[in-house]
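In UniProt numbering, the protein residues as written are 1 to 487.
As C-alpha cells, this is what we get:
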C-alpha cells in the first residue's frame, strides 16, 4: 500500500466517528440486518430486549420512519417480517405524556388506572396515525379531545369507560382484518419511567406488558413491539399472572465482536472505493453490492476474519512475553463496560480517533494502519466521548466527577458517600442518597463490583475522569517495549 493509498483509507476510517454520531446517514445503507434484529420484527415477538447501546432505539427509528419501514422485508430478506404500518405508541417524543407527569400520577392510581392509561393512549395513537380504522365512540370523544399531558382531564373518564375503550380496540382489529392490513405499535424509552423509583416503573411496565400479553393472544392485525431494557423483564418483579410467558415472546439484541466489526465494515464500505479495496484484502471477508441497500459485508462470526480485520488496522498482537495478547482481544477488552458489552458507536469512535491520530504521524507504506500510540490516544478520547454521550441521557453520571483523580478500587461505603454529593451543574431531581446513585451506575455499567465488595471503573469510563491507576500509561510502556507493567 502506497502512502497515498494508506492516507485515503485512514481518511475513510477517520470519518467513522461522524457515522457513529449518526450524521446525515441513510439507515437503508448503514443498518446491518443481523439475526436478532430480524427475529425481533417477527409478529409473534412482543418484547425486544437489550441493554443500553445494543441498537433498540436505532431499530425503533428504522421501523417508525415510513420510507425505511416500507423496505424492511427487502432489507432483511425475510418474508416473516410483516408489511405493516408502524406507529410510535410511546417514546420521549412530545406526542406522549412526559415521564415526570406519569410518575406523579401513579402515586394515587390503581393498577386498573394504569392499564386504562395504556389502552386509551394506544387508541389515541391509532386514531392519530390510522384514523380510517378507528371509530371514536361518543363516550370517548371528550377523552381523546383532551390534552395528552393533562392526565387528570381524561384518564378518570377513560377508566370509567374501559369497556368502551376495549370495544374500540376490538373494532380497530376487525377493521384492519377486513382491509388486510397490519399495524405495529412500538414502545421505546420505557426505562425512563420511574428511573429513581423502581416501584413506579414496575407498576407501569406490569400494566403495559400484561396488556400486550393479552392482546397478542387475541389480535393478529394489531401487534405490539416493546423495546425494553433486558433487566426489566423479570417475572418476579412484574408480579402478574403469566408474566413468565413473555420470555417466549421476546428477542434479545446482542453484540459480539463479529457483529460489531461487521457494522464497522458496513460503514467503511460506504465511504470510498479505496476503503472497499482495503476490506476486500481482509482474508475471509466478503463484500456484496446490494443496490439501494449499499455495500453489505458478509458475516464475521469466525475469529479468523475478526482477527484479520483488526490485524490490518492495528497489527496482530499487542504486548510482549507472557502479557502478549491479540489486538482483537486487547481492543474489545478496553472498550467493554461493566456488563461486558461494547456498543457499535463506541467501536466506531475508537477506530475513527485512532485513524485521526495516525494521520498526524509520518507517512508509512508498510505495516498496520495505526500504531500503539494511536490506539492509546484513541482510548482516552473514546472514554471522554462515551461519558459525554451517557451524561446527555443520564445526567446522574455527572456524579462520577466526585471520583476524579482517585485511585480505585474503593470500598462501597466511601464511593456512596462521595457520590451522594450533588454537582453544581447537575439538574434537579437526582437522588441525594449515595446507595441509589451507586445502584444506578452499576445498572448502567459505569461502575462494577470487584473483590470484597469494592468498586472499580471499566477502562471505557476510567480515562474520562482521570481515575488511577492510569492503565493507559502502563499499556503505553508495554506497547513501546519499555517496562513490562500492565494490568
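Glycine residues also receive a C-beta, built at the ideal position from the N, C-alpha and C atoms.
In the DSSP assignment, find the alpha helix (DSSP H) that holds residue i and state where it starts and stops.
{"i": "residue 273", "result": "273 to 280"}
{"i": "residue 35", "result": "35 to 40"}
{"i": "residue 200", "result": "198 to 218"}
{"i": "residue 421", "result": "Neither: residue 421 is in no alpha helix (DSSP H) and is coded neither H nor E."}
{"i": "residue 155", "result": "151 to 160"}
{"i": "residue 3", "result": "3 to 14"}
{"i": "residue 374", "result": "372 to 393"}
{"i": "residue 54", "result": "Note, residue 54: premise wrong, no alpha helix (DSSP H); not H, not E."}
{"i": "residue 263", "result": "257 to 269"}
{"i": "residue 32", "result": "Where residue 32 is concerned, there is no enclosing alpha helix (DSSP H), given that its DSSP letter is neither H nor E."}
{"i": "residue 367", "result": "Neither: residue 367 is in no alpha helix (DSSP H) and is coded neither H nor E."}
{"i": "residue 490", "result": "Outside the shown range of the chain, which is 1 to 487, sits residue 490, and nothing can be said about it."}
{"i": "residue 145", "result": "141 to 145"}
According to DSSP, residue i sits in a beta bridge with which residue or residues?
{"i": "residue 85", "result": "183"}
{"i": "residue 468", "result": "407"}
{"i": "residue 458", "result": "For residue 458, which the question treats as bridged, DSSP gives no partner whatsoever."}
{"i": "residue 344", "result": "DSSP output for residue 344 lists no bridge partner at all."}
{"i": "residue 515", "result": "The structure shown does not extend to residue 515, since the chain is modelled only from 1 through 487, so no value can be given for it."}
{"i": "residue 295", "result": "289"}
{"i": "residue 112", "result": "For residue 112, which the question treats as bridged, DSSP gives no partner whatsoever."}
{"i": "residue 448", "result": "456"}
{"i": "residue 326", "result": "317"}
{"i": "residue 90", "result": "187"}
What residue range does the beta strand (DSSP E) around residue i cover?
{"i": "residue 227", "result": "222 to 228"}
{"i": "residue 251", "result": "250 to 252"}
{"i": "residue 49", "result": "47 to 49"}
Keeping to the same chain, check which residues put their C-beta closer than 8 Å to that of residue i; ignore five residues upstream and five downstream.
{"i": "residue 384", "result": "463, 464"}
{"i": "residue 308", "result": "282, 283, 284, 285"}
{"i": "residue 415", "result": "403, 434, 438, 447, 455"}
{"i": "residue 65", "result": "27"}
Let's test the definition: count the other Cβ atoms within 10 Å of the Cβ of residue i and tell me whether it reaches 16, buried, or not, exposed.
{"i": "residue 327", "result": "buried"}
{"i": "residue 242", "result": "exposed"}
{"i": "residue 433", "result": "exposed"}
{"i": "residue 481", "result": "Since pLDDT at residue 481 reaches only 43, below the 50 mark, its modelled position is unreliable, and the value read off the structure follows with that caveat. That one is exposed."}
{"i": "residue 450", "result": "exposed"}
{"i": "residue 89", "result": "buried"}
{"i": "residue 100", "result": "exposed"}
{"i": "residue 516", "result": "This structure leaves residue 516 out entirely; the chain is present only between 1 and 487."}
{"i": "residue 388", "result": "exposed"}
{"i": "residue 142", "result": "exposed"}
{"i": "residue 92", "result": "exposed"}
{"i": "residue 310", "result": "buried"}
{"i": "residue 94", "result": "exposed"}
{"i": "residue 489", "result": "Missing from the structure shown is residue 489; the chain here goes from 1 to 487 and no further."}
{"i": "residue 275", "result": "buried"}
{"i": "residue 160", "result": "exposed"}
With a CB to CB cut of under 7 Å and the five nearest residues on each side skipped, what residues in its chain are close to residue i?
{"i": "residue 84", "result": "182, 183, 184"}
{"i": "residue 342", "result": "255, 260, 332, 335, 336"}
{"i": "residue 346", "result": "335, 382, 386, 460"}
{"i": "residue 469", "result": "407"}
{"i": "residue 410", "result": "454, 455"}
{"i": "residue 97", "result": "148, 149, 151"}
Looking only at its chain, what residues have a beta carbon closer than 6 Å to the beta carbon of residue i, apart from the 5 residues adjacent to it on each side?
{"i": "residue 227", "result": "48, 56, 60, 188"}
{"i": "residue 354", "result": "370, 374, 375, 378"}
{"i": "residue 208", "result": "118"}
{"i": "residue 294", "result": "29, 270"}
Report task. Could you tell me whether the segment 175 to 194 touches the segment 220 to 230, where touching means 3 or more Cβ pairs closer than 8 Å? Result -> yes
Query raised in the report: Taking one C-beta from the segment 76 to 83 and one from the segment 107 to 122 each time, how about it: are there three or more such pairs within less than 8 Å?
Result: no
Query raised in the report: Any chance the segment 345 to 363 sits against the segment 298 to 305, with 3 or more Cβ pairs inside 8 Å?
Result: no
Requested in this report: Flag this pair as touching only if the segment 31 to 46 and the segment 376 to 396 have three or more C-beta atom pairs under 8 Å; answer yes or no.
Outcome: no
Report task. Specify whether the segment 27 to 40 and the segment 266 to 274 touch according to this definition: at least 3 beta carbon pairs, one from each stretch, less than 8 Å apart. Result -> yes
Query raised in the report: Would you say the segment 169 to 177 touches the segment 123 to 134, given that touching needs at least three Cβ pairs under 8 Å?
Result: yes
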